[in-house]
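Under this note's numbering, the first residue of the sequence shown carries the number 45, and numbering increases by one thereafter. All residues carry an ideal CB built from backbone N, CA and C; glycine is no exception. Being a predicted model, the structure only gives us computed values, none of them experimental.
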Amino acid sequence: MRCTAHILNLVVKDELKDVDASIVRVYVVVKYVRSSPARLHKFKACVEEGNISFKSHVCLDIETRWNSTYPMLKSALVFRKPFKNMKTKYLPYTKELRKVSGAPDDEDWDKVIYFLHFLEIFYETTLSFSGSRHKLRYVEWIVCRSSDLSD
Numbered sequence: 045m046r047c048t049a050h051i052l053n054l055v056v057k058d059e060l061k062d063v064d065a066s067i068v069r070v071y072v073v074v075k076y077v078r079s080s081p082a083r084l085h086k087f088k089a090c091v092e093e094g095n096i097s098f099k100s101h102v103c104l105d106i107e108t109r110w111n112s113t114y115p116m117l118k119s120a121l122v123f124r125k126p127f128k129n130m131k132t133k134y135l136p137y138t139k140e141l142r143k144v145s146g147a148p149d150d151e152d153w154d155k156v157i158y159f160l161h162f163l164e165i166f167y168e169t170t171l172s173f174s175g176s177r178h179k180l181r182y183v184e185w186i187v188c189r190s191s192d193l194s195d
């Protein structure tokens, strides 16, 4: 199964190239708000203003592991509006992000939504591989799900 996992890894890394700039911008804003208690406090205020109920916070991915990108993007998407509100309510946020890559815009978030659909297939498959002794049946499932995306 190591070979199948390697193939999955190659497919995902190839697709990551197409949306890499958008993912980097999301990563940067998540890292920004998580990097200090004061920033996290400002972010939580924007979350509360947006009436978004949250049980957890945004999580960072591990740059060398694509399967941590999925939970990061999924959690960040929930907080799309608060991230946008940070731009208007917190000037240092905008200034700091301009130095790096900027905050994600609507086009970036649209790419993230599209990419999450793609990534979910591989994320679930990877979890299935790690928890099952009957791993070969998932190869057919991957092929079927991938063809669903292209339709």
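Sub-8 Å separation of residue i and residue j beta-carbons
i           : j           : result
residue 143 : residue 137 : no
residue 76  : residue 168 : no
residue 66  : residue 148 : yes
residue 100 : residue 106 : no
residue 56  : residue 160 : no
residue 102 : residue 120 : yes
residue 83  : residue 145 : no
residue 92  : residue 129 : no
residue 74  : residue 104 : yes
residue 87  : residue 115 : no
Residue i, DSSP secondary structure in three states
i          : result
residue 96 : coil
residue 66 : helix
residue 45 : Reliability of the predicted coordinates at residue 45 is poor, the pLDDT of 48 falling under 50, and no value is obtained from them.
Any non-hydrogen atom of the ligand PLP within 7 Å of residue i CB
i          : result
residue 92 : Inclusion of the ligand PLP in the displayed structure is not the case, the ligand content being empty and no account of it being possible.
Assigned exposure category for residue i - 16 Cβ within 10 Å defines buried
i           : result
residue 98  : exposed
residue 81  : exposed
residue 64  : exposed
residue 52  : buried
residue 61  : exposed
residue 171 : exposed
residue 135 : exposed
residue 117 : buried
residue 165 : buried
residue 95  : exposed
residue 58  : exposed
residue 150 : exposed
residue 152 : buried
Note to self: What ranges does the alpha helix (DSSP H) occupy inside the stretch 97-176, keeping only unbroken runs of at least 4 residues that lie completely in it?
What the structure shows: Within the stretch 97-176, the complete alpha helix (DSSP H) runs of at least 4 residues are 113-122, 124-133, 135-144, 150-174.
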